[in-house]
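Just so we're aligned, residue 486 is where the sequence shown starts under the numbering used here, counting upward by one.
Data block below; observations after.
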Amino acid sequence: QEANLAAASEKAAEPAPPVKKTTAPLSPSVRKVVANHGLDPSLIQGTGKDGRITKVDALRAAEAQKAAEGQAKESGQPEPVTQTPTASPRATTLPTVASPPMPVPLAGSRKTQRVPMSRMRKKTAERLVQAKQATAYLTTFNEIDMQPVMDIRSHLKDGFEKQHGTRIGFMSFYIKACCQALKAFPAVNSQIDGSDILYHNHYDIGVAVSLEQGLIVPVIRNADHLSFAEIESSIVALAQRAKNKQLLPDELSGGTFSITNGGVFGSLMSTPIPAYPQTAILGMHTIKKRPVVIDDQIVARPMMYVALTYDHRVIDGKDAVRFLALVRDFVEQPDKLLLEL
């Protein structure tokens, strides 16, 4: 019995038969796997016809080499410098790839706080959803050279403030320019009422004001009849009353067109949503110096992107583009607007 056990032990200790080398050429896909993983083809057991190495054989060999390297790292032993021969049965399934480890939760508190919407936020959300569902909005863009307006403000701001008690800003130029453009394109100053279109012959301009509770749009009535000083005073008064929560309901409704200025927050470009049921809104943005060509010379100019979002059911694309171009012309040539000092 001892002799039998010794014989069995000697048989188990015998090394595995060497892998039979193949001289069959490698397919392109196999060559790619061998090259990517630094494999020795002579150490790969081929399971294809006449011992040919298949892509599956190469992938299995790559996985075996990777596993051997990983075990060497874990045990602190140097990584093997030669590939371990693998004898794989004929198979058609690819090797199983290990799943990535689950992320470790960050230390500290991970809480989600549920806070009811404020009445203003809820109302704003309802109006925005209503506007998106009931209209067909589209946005067109242009850019405006703000240098002429900046020059006027620089030269006249002290005298303007001394005479009228308020500063002159960019918004009054845009309100004036929009009123003139609205007269040329009545559809932009209209709204849909059922199956009818209401064309307004008055110009009540909404000016978006951002509060901590949300965004509101107080309205400047008959803006086309107001001077620059009256427009600036109205903007300051409405903004102050809005912050103090003193605005009346009719001061927040009934506008025929709106303007919002995302530039005060650094916005370079946006697609604002009109205050329903208005058909359009103009978006002002931040002023950035950009290279432009003037008289065949490249110069740096303070440029502003402007956006007009409009209801395509009422306003044709060509009229929207022409309206925005006219606003640009007025702002770039402010002498066309009556600046009362």
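Cβ coordinates follow ideal geometry from the N, Cα and C atoms, glycine included.
All of these numbers come straight from a predicted model, not from anything done at the bench.
Straight-line gap, residue i to residue j (C-alpha atoms, nearest Å)
i: A785; j: V673; result: 33 Å
i: L822; j: A662; result: 7 Å
i: D814; j: T651; result: 26 Å
i: A792; j: G740; result: 19 Å
i: R545; j: R775; result: 58 Å
i: Q550; j: K534; result: 24 Å
i: A547; j: A509; result: 19 Å
i: P819; j: N729; result: 34 Å
i: K647; j: L641; result: 10 Å
i: S639; j: D796; result: 37 Å
i: P734; j: T597; result: 35 Å
i: V634; j: S680; result: 41 Å
i: R612; j: T794; result: 16 Å
i: P513; j: Q556; result: 30 Å
Neighbourhood of residue i by C-beta distance below 6 Å, restricted to the same chain and skipping five residues each side
i: G699; result: M605, R606, T609
Closest by C-alpha distance to residue i, when choosing among the options
i: L767; options: L613, S755, K773, R775; result: S755
i: E817; options: Y795, R798, M788, Q731; result: M788
i: E715; options: G654, Q632, I682, T794; result: G654
i: L811; options: S680, F626, G531, Q763; result: F626
i: L809; options: H522, Q782, D820, A765; result: A765
i: K517; options: Q530, T624, K540; result: K540
i: K433; options: M631, V721, H685; result: Any property of residue 433 remains undetermined from this structure, which presents the chain solely from 486 to 826.
i: D709; options: H685, V721, A722; result: H685
i: T532; options: V614, V515, T794; result: V515
i: V692; options: F645, H522, E717; result: E717
Residues near residue i by beta carbon distance below 7 Å, same chain, minus five either side
i: G751; result: T771
i: Q665; result: F815
i: A724; result: V694
i: L667; result: V673, N674, Y688, F742
i: Q763; result: Q676, G740, T741, F742, S743
Whether residue i touches residue j by CB criterion (8 Å)
i: I779; j: L737; result: no
i: E628; j: Y790; result: yes
i: I744; j: I690; result: yes
i: I677; j: R798; result: yes
i: S719; j: L732; result: no
i: L524; j: A552; result: no
Spatial neighbours of residue i in its chain, beta-carbon cut-off 8 Å, leaving aside the 5 residues before and after
i: S727; result: The amino acid occupying residue 727 in the given sequence is Ala; Ser does not appear at that position. These residues qualify, in order along the chain: V694, L696, I701, P703.
i: L511; result: V519, P526, I538
i: L753; result: H770, T771, K773, Y790
i: G747; result: S755, P757, G768, M769, H770, T771
i: I783; result: P776, V777
| Stretch pair the segment 651–659 + the segment 592–602: three plus CB contacts closer than 8 Å | Flag = no, the segment 651–659 and the segment 592–602 do not touch.
| Stretch pair the segment 611–631 + the segment 748–759: three plus CB contacts closer than 8 Å | For the pair of segments examined, the segment 611–631 was found to touch the segment 748–759: the number of CB pairs separated by less than 8 Å reaches three.
| Validate contact between the segment 797–816 and the segment 668–682 using beta carbons, cut 8 Å, 3 pairs | Contact between the segment 797–816 and the segment 668–682 is present, because at least three Cβ pairs lie under 8 Å.
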